[in-house]
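Have a look at the structure below, then the notes.
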Amino acid sequence: MDADRLARLTEQQRACLRFVFAHMSPAQIAPILDISPDLAEREIRAAMRTLGSGSRRAAARLLAEHEGAVARPSVMTGMAGMALNEDQASFDVSPAPEPPSPAAAPPTRAGGLARLTWIALAAIAAALAYAALH
220 MDADRLARLT
230 EQQRACLRFV
240 FAHMSPAQIA
250 PILDISPDLA
260 EREIRAAMRT
270 LGSGSRRAAA
280 RLLAEHEGAV
290 ARPSVMTGMA
300 GMALNEDQAS
310 FDVSPAPEPP
320 SPAAAPPTRA
330 GGLARLTWIA
340 LAAIAAALAY
350 AALH
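Add 219 to the 1-based position in the sequence shown for this note's numbering, that's all there is to it.
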């Protein structure tokens with residue numbers, strides 16, 4: 220039954236689930252696939268519906284198991300013999316995507332220092348306005 224459902228996934232849904240499996244959010248997936256974060260979210264939700272999954276991680280795990288990216292044992296052994304259940308273990312399903320070049324990246328919001336500068340300017344303006352009124 221899972222194989223039939225997995226066969227109905229589009230390639231874009233599969234790509235989104237692979238990145239979800241690598242612990243990425245729709246906002247992180249979107250620039251890699253050259254789509255909007257909203258579309259990435261819709262693709263993930265559509266894949267979840269197709270697979271009958273209640274969570275994105277479960278849907279991503281189904282695809283990863285189908286594609287052979289995950290070993291199936293219920294317990295994996297971590298460093299120093301610590302037992303980790305499969306949901307706690309981190310799996311790399313593909314090579315890490317290269318970050319977009321700074322020239323191709325959209326402008327970002329103001330950084331921390333710029334925000335503090337604006338807050339300080341607003342505080343000074345408020346103090347001057349208060350002083351002018353009294």
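Quick reminder that beta carbons are idealized off the backbone N, C-alpha and C, glycines included. All values reported here derive from a predicted model rather than from experimental measurement.
Residue i - DSSP class collapsed to helix/strand/coil
i, result
"residue 336", "helix"
"residue 236", "helix"
"residue 287", "coil"
"residue 267", "helix"
"residue 261", "helix"
"residue 221", "helix"
"residue 228", "coil"
"residue 254", "coil"
"residue 273", "coil"
Outcome for residue i when other beta-carbon atoms lying within 10 angstroms are tallied against a minimum of 16
i, result
"residue 279", "buried"
"residue 235", "buried"
"residue 241", "buried"
"residue 334", "exposed"
"residue 275", "buried"
"residue 228", "buried"
"residue 202", "What the structure shows of the chain is the stretch from 220 to 353, and residue 202 is not part of that stretch, so it cannot be assessed."
"residue 347", "exposed"
Cβ-Cβ distance between residue i and residue j below 9 Å
i, j, result
"residue 237", "residue 282", "yes"
"residue 269", "residue 232", "yes"
"residue 272", "residue 266", "yes"
"residue 254", "residue 262", "yes"
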